[in-house]
Every structure is written in structure tokens, then in C-alpha cells.
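The numbering used here applies: residue 50 is where the sequence shown begins, and numbers increase by one. By construction, the Cβ of each residue, glycine as well, lies at the ideal position given by its N, Cα and C atoms.
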Amino acid sequence: MKNSKPIFEDLTKEGENPVKVVFAKRTLSKTVLAQEKNKLLKRVTNDNALLEKKSVGLKSWRTTIFRYAAAAVVLVVSMMAALSIDKVRHQTAYGEVASVQLPDGTLVTLNGNSQLKYSRLYWWFMEERKVALKGEAFFDVVKRKTKEGDMKFQVFTEHLKVEVLGTAFNVIDRSNQEVVVLEEGSVQVKVLSNETTLPLLPGEYMSYNKIDNKLEHGSVVTEGYTSWKDNYIILDNKTLGDLARIINTVYGKKVVFKNNADKDIILEGKVPSNEINVLIHALKLATNLKIHMEGDTVFVN
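Structure representation (C-alpha cells):
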């Protein structure tokens, strides 16, 4: 074998420093160069393909995320739209009496300056009959059956919950007082703040004072509380001051007494309530007082 030059020459002898490495000269043929060039190009091409595949995968993942996000946005917007449509509100103006029929057939008569609200979802899907009242209303509740038995009907005021199955009753939530009067059937009234529960029988009432949280319970002539839905007011045992509060809350008129003693005048009989002018004229005849209205103010002289 012929001697050939080593790949590395002049390796530093042991113990000498620094180490010196000299690369031997070596000439590569054009064929070898071409082969190495092709290998390098193939490797670069493969690397680029891998990068493109990862990029496509990332884009696909991002597209999927965006699609889910868009679907979620559409769902939220749809739910918000459904909830806005879901809320039902009936409201009367001052001096207006209106009848409302609920989805179950229950009839509600709203007195002037009153508001009734409920949710369709509760009634249609959850099988719960719940309404919220502000003002005054008379309820004639229809009985309704479910697989579990009779479905309850619930009326919520600011501080009370009135729970019934099928009955007729009047609910008032005005100023500092909330009153429930039962005409027929049976109801159960609960004070929301302390869970006090009181059952009522026909001809009974329960009154809740918002100022001192005091409850009153007793018997009444129900017509005195429900006659308004038939367009007249029973005056028996009411004072002129009591009627002034009714005029203010139901008709939106301020009553000014020249003599405060007139507030204690006891009234008897009944007066029409469908129009404020007719009501004032009837009061003039019943009291022999000078009563007149200017704008939104009623003056008693």
C-alpha cells in the first residue's frame, strides 16, 4: 500500500502547548459536490414542508377556535334577545282600570297607576306561575294541574309573597302599606324578610306596614277593597283623608286641605270612580264642601 498523507498532520506532541491542528488539503470531485448539494436541497425542502404543515395545523386550530367563539357570541346574543322578549309588563296610567288575561287563563284587573310583570319562560318551560305587582290588582286565579298535582300561583310585592291554587283576592302595594284581602278560596301570605307565614280565609285580610314591619290580620267586608274594579268606591268607614290618599295614588292628583280637620270627616255610601271629575262632584255632594280641581291639584275648602 502506498503511503498517503494523513487527514491530520503535526499533532502536537504530548506535553506541548498550545495544541495545533492542521487540516490536510483534500479535493472533492464534481460528482461528490453535486451529491452533497442535492442532499442539502432535499433536507431544506423537507424542513420547509414540515414548517408549512405546522403552519397549516396552527391556522386550522385558530379557525376552529374562531368558529366556536363566533357560535358562542351568536348564542349569547340570541339568549339576550330571548330574555328581552321574555319579560312581559302591563302598566296602567293614573285613573285607568285595565283587565289582563295571563297565559293560564287567570284574569287580573289592574287599578290605576299599577304594574304587573311576569316571565314567559317560567310559565312555558318551568311550569311556575309567578307575577310581580306594584300598585293594586284583583286576581281571579284559574286552577291548573301538573303531574305533581295542583300548580301554585304566586304574587310577589315588595315585601310579601301570596301563594294560591285557585281563588279570588285583592293585593295592594302602595306607599308604606301592603294589603291582601281574600274574597274566595284560600291563600297563604309570607313576609319575605322573616319568613312569617299567615293563611287567610274568605273575608279576611292581612296588612303589612313597611315602616315598622307590623302585621295586622282580621275580618273585613271585601267589597270595600274590591269595588274599584267595578268602577265605584265604597266609602263606609273611610275618612276624607283616606279618599285623598286614593286620589293621589290612583289618579295622580295632589289633594290640598285648607282646614286639616276636614281630613277626619267620616264618609258613607259609594261614589263612582271611573272618572276623577265625576268622583270630585260626588264628594262635593256628600260633604257639602267646596272641592275643585286645578291641573293636577284638588283643593278642599
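If I measure Cβ to Cβ from residue i and keep anything under 7 Å in the same chain, skipping five residues before and after, which residues do I get?
i: Lys339; result: Asn350
i: Leu156; result: Ser148, Gln150, Asp189
i: Leu328; result: Val320, Pro321, Ser322
Spatial neighbours of residue i within its chain, please: C-beta separation below 6 Å, excluding the five flanking residues on both sides.
i: Ala147; result: Thr141, Leu159
i: Phe187; result: Thr158, Asn219, Thr275, Lys278
i: Phe72; result: Note that Phe72 scores a pLDDT of 38, beneath 50, so its modelled location is shaky; the value from the coordinates is reported in the next line. Nothing meets the Cβ criterion.
i: Lys166; result: Arg138, Ala181
i: Asn323; result: Asn280
i: Gly318; result: Leu284
i: Glu265; result: Ser256
Determine the direct distance from the alpha carbon of residue j to that of residue i, and round the result to whole angstroms.
i: Phe202; j: Ala335; result: 41 Å
i: Leu214; j: Val299; result: 29 Å
i: Val228; j: Ser256; result: 4 Å
i: Thr346; j: Val304; result: 6 Å
i: Lys307; j: Ile221; result: 29 Å
i: Tyr171; j: Arg178; result: 7 Å
i: Arg169; j: Asp311; result: 48 Å
i: Gly344; j: Ile260; result: 32 Å
i: Val320; j: Leu250; result: 28 Å
i: Asn337; j: His330; result: 10 Å
i: Lys239; j: Phe205; result: 10 Å
i: Leu231; j: Glu253; result: 6 Å
i: Val211; j: Asp153; result: 17 Å
i: Leu234; j: Ile282; result: According to the sequence displayed, residue 234 carries Gly and not Leu. Roughly 24 Å separates the two Cα atoms.
i: Lys192; j: Lys136; result: 23 Å
i: Gly161; j: Pro248; result: 28 Å
i: Lys263; j: Glu272; result: 24 Å
i: Phe348; j: Asn258; result: 29 Å
i: Val125; j: Met200; result: Bear in mind that a pLDDT of 49 at Val125, under 50, signals an unreliable position, so the model cannot answer this.
i: His208; j: Gln226; result: 10 Å
Which of the three DSSP states, helix, strand or coil, is assigned to residue i?
i: Thr346; result: strand
i: Val125; result: Here Val125 scores only 49 on pLDDT, less than 50, and its place in the model should not be relied on; the value that follows carries that caveat. Three-state DSSP puts Val125 in a helix.
i: Asn309; result: helix
i: His330; result: helix
i: Asn258; result: strand
i: Gly184; result: strand
i: Gly234; result: coil
i: Ser276; result: helix
i: Gly271; result: What sits at residue 271 in the sequence shown is Thr, not Gly. Coil.
i: Ile295; result: helix
i: Ala335; result: helix
i: Arg223; result: strand
i: Leu289; result: helix
Assign residue i to buried or exposed, taking buried as 16 or more other Cβ atoms, counted over all protein chains shown, within 10 Å of its Cβ.
i: Trp173; result: exposed
i: Ser224; result: exposed
i: Thr195; result: exposed
i: Ala217; result: buried
i: Ser351; result: Lying outside 50 to 350, the shown extent of the chain, residue 351 is not represented and no answer is given.
i: Lys302; result: buried
i: Ala293; result: buried
i: Asp189; result: buried
i: Ile315; result: exposed
i: Leu332; result: buried
i: Leu151; result: buried
i: Val270; result: exposed
i: Gly198; result: exposed
i: Val42; result: The question about residue 42 has no answer, for the chain in this structure spans 50 to 350.
Identify, in the order they occur along the chain, each residue of the same chain with its Cβ nearer than 8 Å to the Cβ of residue i, setting aside the five sequence neighbours on each side.
i: Ile325; result: Gly144, Ile296, Tyr300, Lys302, Met342
i: Ser163; result: Gln140, Thr141, Leu182, Lys183, Gly184, Glu185, Ala186
i: Asp313; result: Thr288, Leu289, Gly290
Would you check if there are 3 or more beta carbon pairs closer than 8 Å linking the stretch 284-296 to the stretch 241-254?
no
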